[in-house]
Structures are given as C-alpha cells and as structure tokens.
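Working notes for the structure below.
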Amino acid sequence: MNELDTKQKILVAFYTEYQKDVPNMKEVTADAIGIEKDQFTVAIQKLENEGLLNGAKYSKGGGSTVPLMVYTDFIMVSGYGLQYVEDKLGIQATMTSSEKLKEVSKRAGSWGYKELKDFAVKVTTELIKG
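For the sequence shown, my numbering assigns the number 132 to the last residue and increments by one with no breaks.
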C-alpha cells in the first residue's frame with residue numbers, strides 16, 4: 003500500500019469526519035491536517051471535479067486562480083469517495099464507524115502522518131462520547 007498524496011490526505015480527513023453520526027465538516031481544515039491553505043483549497047476543487055467530494059463553497063477574488071477561501075461546512079464524501087478511501091486503506095465497508103476510524107488511525111500512524119492520525123483519534127473520541 004502506497005503513502006497518500008495531498009488530495010488523498012484531505013479525502014481521508016473528510017472520510018474520517020463523515021463517520022460521526024452528525025459530522026461537522028468545518029472541523030476539517032488545512033491546519034488540522036497539516037497542509038498549506040492554498041494546497042488545501044485547490045485539492046478540494048480537484049476532489050470535487052473528480053467526483054469524490056461535493057458541497058464545497060468558495061470565496062473568489064483578487065485575480066488569483068486559487069480561491070481566497072473554501073467553506074467546508076456542507077462538504078460530503080460521495081459514494082465513490084467512500085469506496086475510494088476504503089479501497090485505498092483496505093477498510094471493509096461492513097465495518098462499524100469505530101472500526102473504520104481505528105483503521106484510518108493505524109494507517110496514518112504507520113505512514114508517519116501525525117496530523118491525520120491525531121485528527122482520526124479526535125474523531126474516534128468524539129464518536130465514543132456520543
């Protein structure tokens with residue numbers, strides 16, 4: 003299994019938050035997963051274009067091709083995006099949310115992605131608290 007690129011890290015972070023009964027996609031930020039803001043914004047655009055995510059809103063202006071800001075409040079992982087992450091990480095679709103989050107944390111830790119692992123642990127804790 004290969005390591006994750008920037009887009010995949012972001013998709014896994016949204017997948018992780020999605021596992022909660024009531025996900026708060028605003029929690030998925032560039033800072034939370036250790037990615038530069040413009041990379042985060044452009045990667046979300048690409049993930050939407052590829053059909054893996056949907057629902058992002060952008061604030062554009064200033065003459066740059068990169069939006070000034072991305073609003074993640076209403077982002078959802080598409081069915082294709084869920085399947086993509088589960089295939090990439092070797093997660094069975096029939097696992098419980100807690101089991102899926104443990105796998106994400108384990109994989110992120112083994113690849114040295116501290117921020118992504120910490121994010122997965124945080125979401126797991128919130129899921130357990132209910």
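For glycine and all other residues, C-beta sits at the position ideal for the given N, C-alpha and C.
Under DSSP, Lys-90 takes part in no beta bridge, so it has no partner. Under the 10 Å beta carbon count, Glu-5 is surrounded by fewer than 16 other beta carbons and is classified as exposed. When beta bridges are read from the DSSP output, Val-30 appears opposite no residue.
Residue environment: Tyr-82 is assigned as exposed (fewer than 16 neighbouring CB atoms within 10 Å of its CB, all protein chains considered). Ser-100 and Gln-47 have their C-alpha atoms spaced approximately 29 Å apart. Val-24: not part of any beta strand (DSSP E); DSSP gives it neither H nor E. For Lys-59, there is no enclosing alpha helix (DSSP H); the enclosing beta strand (DSSP E) covers residues 59–61. Closest in alpha carbon position to Phe-42, among Ser-80, Ile-77 and Thr-8, is Thr-8. Distance from the CA atom of Gly-64 to the CA atom of Asp-40, rounded to whole angstroms, is 14 Å. By the neighbour-count criterion, in which a residue is buried when 16 or more other Cβ atoms sit within 10 angstroms of its Cβ, Thr-126 is buried. Assigned with DSSP and collapsed to three states, Leu-55 falls in strand. Note that the C-beta distance between Ala-122 and Thr-31 is not below 8 Å. A Cβ-Cβ contact shorter than 8 Å links Phe-76 with Lys-59.
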